[in-house]
Amino acid sequence: MNAQILALALFDGLSYAALVFMVAVGLTLIFGVLRVLNVAHGSFFAMGAYTTASVGSAIFAAGFAPWLAFPLMAVSAILIGVLVGGTVEKLLLSRIYEMEDVLQILVTFAVFMMLEDVQRLIWGVQPLFESTAVNLLGTIEVFGIVYTKYQLLFLPAVAASVLILLRLGLRHTLTGHLILAVTEDREAAISIGIDAQKVYLVTFIVGASLAAFGGALASATTSVIPGMGADMIVLSFAVVATAGFGQIEGAAIAAVLIGLGRSFAVYFYPELEVLMPYLIMFVVLLIRPNGLFAPVEARKI
Amino acid sequence: MTDQVMMDVQGLEIRFGGVVAAAGINFQIYEGRNLAIIGPNGAGKTTFLNMCTGYLKPHAGKIIYEGEDVAGIGPRKLVKKGVARAFQIPQLFAEHSVRENILMAVAAASGYEAPLTRLEDISGASEADRILEMLKCSNLAERPVQELPEGQRKLIDIGVALALKPRLLFLDEPTSGVASTEKFAILEIIAEALEEENVTSVFVEHDEGIVERFADEVAVWNRGEVLYRGTPQDILTHPDVIRDVMGGHV
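Sequence lines, in order, name chains A and B. Counting with the working numbering, you get residues 269 to 569 for the letters of the first sequence. Counting with the working numbering, you get residues 143 to 392 for the letters of the second sequence.
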C-alpha cells in the first residue's frame, strides 16, 4: 500500500466528512428538537451552494475583493436558512407537529421535490463553478502531496468550530436552555410560559442555515449541479442514523467514519464507493439498532 | 381576606364522552382567600383546574379574569397574565439543576431579553436564589432535579411557579406522593412563601388535616358540581359532607 495514496485518502475523507457533518448536524438537531425527519434538508444544502456560487460569480466579475468569498458563504447560509427554512417551518411544518411521522416525512419530501424545481427555475441546469475561496487560500504540501489548504485545513476547522459553538450555545445560553427544555418536556415548557412554537422556528432556521452553510462551503470545491441536494440528504441520513438520532457529537464522529470509509473505498475499492457509507451504517445498526451514540433505552417489558 | 373577586367562573360545562365533568359551574375565587377543593375521585376537581389554567377549553361558559374571558386561551397566555399552575406530578426539567429550572421560569417571566446571555447571567438571576431561600432549598441549587425526593421536587415545582410572578396559583394535590411525616412541614413552607409573595392559592387536597390547617375556605366538588362551600370548620363537620364525601368518617 502506497503511503501517499493512504494520505490522500485520509485528506479526502476528512474534508468530505467536514461537509457531510455540516448537513448532518442540522438534520440531527432538527430531529432531536422537533421530532421531524426533514427530507427537505438536502434542498437547503443545494440552495446554499447555488446562492454562494451565483452571487460569487457576479460580484467577482464586477471586480469586488476576492476575500468577500468567505463572508458571502455565511450570508448566503443565513439568508437561505431564514427565508426558505423559516418559510417552510412557519407555513407547513408548524401545522403538522401533532400528526403522524409518515405524514411529516411525506410533507418534507414534497417540499424537497418542489424546491428541486425551484432551483432549476432560478439557476437553470448548467453547472456553476466558483472557486475563488479555494484559490485564495492556496495549497500546502504534506508527505509530498500538494493539497488545497481550503479542503485540508479550512473545512475541518470550520466544522470543528461549528461543533464547539453548537455545544456551547446549547449548554450555556438562554436560548440553548430553552431549546433543551422544550426537547425534554414540551408540556412543562409551555406551562412555564416558554413559546414552544418560537423555539421550533429558531431551531429549524439554525438547522437549515447549517445545511445551507455546508452547501456554501462545498460550492468552492465542486461544480454546483442539479441533484446535489438528493445525494447529500441520503448520505447525511446515513450519518445521522449511524450516530443515533439527536446526537450532535455522535454526528461528527459518524461523519468522519463515513467520510473516511468512502474515500478509502475510492482509492482501494472504487466499486464500493457508493455502497461504503451504507455498508458502515448497515453494520453499525446491526450491532446497535439505535445508532452508535444513542442512549440505551430501558426495556419496555 | 377580601371580598374582591379574582376569577369569576360562569356556567362552566365540559363532558368527556358521556361523563359530565363540569355541569354548569358558577364559582368565584376571592383575592387573598386560600381555597381548598375537596371531593371524591372523578368529581371533576382536576378538570376544573385544567380549565381555569387554560389547559382545557370548556364546551360552554366563561372564566372572567381581570375583566376578560380567558376560557381556552392556553396556559402560556394565562401565565403571562399571572395565573400559574403546579401539577400533581411536578413538571420539572429532570436533567437541569434546581437553579436552572427556576432560572428558566425567571427568564420566561421577563420575556427573554438577551437570548445569547448565559442562563446564570440573565437579569433577575438573583430572584432564583431568593426563591430558593424562601423555600429553604438553597442547599439544593446545584443538584440535578432527577436526584431529588418527591417532597423536594414539589417544593421546586412551587418555586418555578413563583418565579413566574403569579397572583393566582392553582395546586393539584401539593402533598400527594410526599411521606406523611413530611406533609405538614412542606406545606408550611409553601404557605409561608405564598403569603410572602402575596399569591392567592386554590388547591385540590384529600388530606383533611391539611385542609383544616391551610385553607381559609373549602369547596366540595362532586359529579361536576359544587355541592358546598364554607369555612373548613363548617364544612369538615357538616354531616352531609361527612356522609357523601368522606365515606362516613372524619
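Ideal Cβ placement from N, Cα and C applies to all residues, glycine included. None of these values were measured; they are calculated from a predicted model.
Of all the options the options, which has the alpha carbon lying nearest to the alpha carbon of residue i?
i: Glu292/B; options: Met276/B, Leu313/B, Arg385/B, Ser318/B; result: Ser318/B
i: Gln419/A; options: Asn558/A, Ala488/A, Ser283/A, Arg556/A; result: Ser283/A
i: Trp335/A; options: Thr400/A, Asn558/A, Leu351/A, Leu295/A; result: Thr400/A
i: Thr320/A; options: Phe481/A, Val524/A, Phe299/A; result: Phe481/A
i: Ser343/B; options: Ile171/B, Ala283/B, Leu282/B; result: Ile171/B
i: Glu262/B; options: Leu245/B, Gly224/B, His238/B; result: Leu245/B
i: Leu297/B; options: Arg355/B, Glu275/B, Gly209/B, Ile377/B; result: Glu275/B
i: Leu438/A; options: Ala286/A, Glu455/A, Glu517/A; result: Glu517/A
i: Cys463/B; options: Cys279/B, Leu336/B, Leu310/B; result: One cannot answer for residue 463/B here, as it falls past the ends of chain B, which runs 143 to 392.
i: Glu284/B; options: Arg241/B, Phe235/B, Gly184/B; result: Arg241/B
i: Leu465/A; options: Arg363/A, Gly475/A, Thr489/A; result: Sequence check: residue 465/A is Gln here, not Leu. The residue with the shortest Cα to Cα distance from Gln465/A is Arg363/A.
i: Ala236/B; options: Gln387/A, Asp453/A, Asn403/A; result: Asp453/A
i: Ala506/A; options: Ala523/A, Gly497/A, Met496/A; result: Ala523/A
i: Phe397/A; options: Leu383/A, Val301/A, Val356/A, Val323/A; result: Val323/A
i: Leu371/A; options: Leu305/A, His445/A, Glu357/A; result: Leu305/A
i: Thr379/B; options: Trp363/B, Glu354/B, Val368/B; result: Glu354/B
Between residue i and chain A, is there a C-beta pair that is closer than 8 Å?
i: Asp145/B; result: no
i: Pro316/B; result: no
i: Gly301/B; result: no
i: Val212/B; result: no
i: Gln233/B; result: yes
i: Leu191/B; result: no
i: His391/B; result: Low per-residue confidence applies at His391/B: pLDDT is 47, beneath 50, and the placement is therefore not dependable enough to give any value.
i: Met276/B; result: no
i: Lys333/B; result: According to the sequence provided, residue 333/B is Ala. The question's Lys does not apply to it. Output row for Ala333/B: interface = no.
i: Thr113/B; result: Past the boundaries of the shown model lies residue 113/B; chain B is included only from 143 to 392, so the question cannot be answered.
i: Ala283/B; result: no
i: Leu306/B; result: yes
i: Arg227/B; result: yes
i: Val240/B; result: no
i: Ile264/B; result: yes
i: Val344/B; result: no
i: Val287/B; result: no
i: Val221/B; result: yes
i: Ala251/B; result: yes
i: Ala236/B; result: yes
i: Ala247/B; result: yes
Using 8 Å as the limit for Cβ to Cβ distance, is residue i near chain B?
i: Gly461/A; result: yes
i: Ala401/A; result: no
i: Glu452/A; result: yes
i: Ile587/A; result: Outside the modelled stretch of chain A, which goes from 269 to 569, sits residue 587/A, for which no answer is possible.
i: Glu455/A; result: yes
i: Thr441/A; result: yes
i: Ala449/A; result: yes
i: Leu446/A; result: yes
Let me check one thing: in DSSP terms, what residues is residue i bridge-paired to?
i: Gly372/B; result: Val360/B
i: Gln152/B; result: Lys204/B
i: Thr416/A; result: Thr407/A
i: Arg227/B; result: Phe312/B
i: Phe169/B; result: Val151/B
i: Ala164/B; result: Ile156/B
i: Leu396/A; result: Val492/A
i: Asp211/B; result: Ile206/B
i: Ile179/B; result: Val346/B, Ala361/B
i: Pro286/B; result: Ser239/B
i: Glu367/B; result: Asn364/B
Since I believe residue j is in contact with residue i (beta carbons under 8 Å), could you give me their beta-carbon distance rounded to a whole number of angstroms?
i: His309/A; j: Val291/A; result: 7 Å
i: Gln443/A; j: Arg260/B; result: Note that residue 443/A is Thr in the sequence shown, not Gln. Thr443/A to Arg260/B, Cβ: 11 Å. No contact.
i: Val302/B; j: Ile460/A; result: 6 Å
i: Phe312/A; j: Val352/A; result: 6 Å
i: Leu560/A; j: Ala511/A; result: 6 Å
i: Ile493/A; j: Pro395/A; result: 5 Å
i: Val379/A; j: Ala275/A; result: Not really, about 41 Å apart at Cβ, beyond 8 Å.
i: Gly160/B; j: Gly366/B; result: Rounded, the Cβ-Cβ distance is 12 Å, inconsistent with contact.
i: Phe338/A; j: Phe513/A; result: Between Phe513/A and Phe338/A the Cβ distance is about 32 Å, and since that is not below 8 Å, they are no contact.
i: Gly196/B; j: Val387/B; result: In fact, because the Cβ distance is near 28 Å, the residues do not count as touching under 8 Å.
i: Ala226/B; j: Leu306/B; result: 5 Å
i: Ile332/B; j: Ile300/B; result: 5 Å
For a test of your reading of the model: does the CB of residue i fall under 7 Å from any non-hydrogen atom of the ligand ADP? Yes or no.
i: Ala533/A; result: Among the components modelled here there is no ligand, and therefore nothing to report on the ligand ADP.
Using the beta-carbon of each residue, which ones in chain D are nearer than 7 Å to residue i?
i: Arg218/B; result: Included in the structure are the protein chains A and B, with no chain D among them.
Inter-stretch contact (C-beta, 8 Å, three-pair minimum) for the segment 167-182 of chain B and the segment 542-557 of chain A: no
Contact between the segment 231-241 of chain B and the segment 202-219 of chain B (3+ Cβ pairs under 8 Å): no
contact_flag[the segment 145-160 of chain B, the segment 189-209 of chain B] where n(CB pairs < 8 Å) is 3 or more: yes
Segment contact flag, the segment 413-428 of chain A with the segment 483-493 of chain A, C-beta cutoff 8 Å, min 3 pairs: yes
Contact the segment 263-271 of chain B vs the segment 310-327 of chain B: 3+ CB pairs below 8 Å: no
Stretch pair the segment 422-430 of chain A + the segment 242-257 of chain B: three plus CB contacts closer than 8 Å: no
Stretch pair the segment 313-332 of chain A + the segment 385-393 of chain A: three plus CB contacts closer than 8 Å: yes
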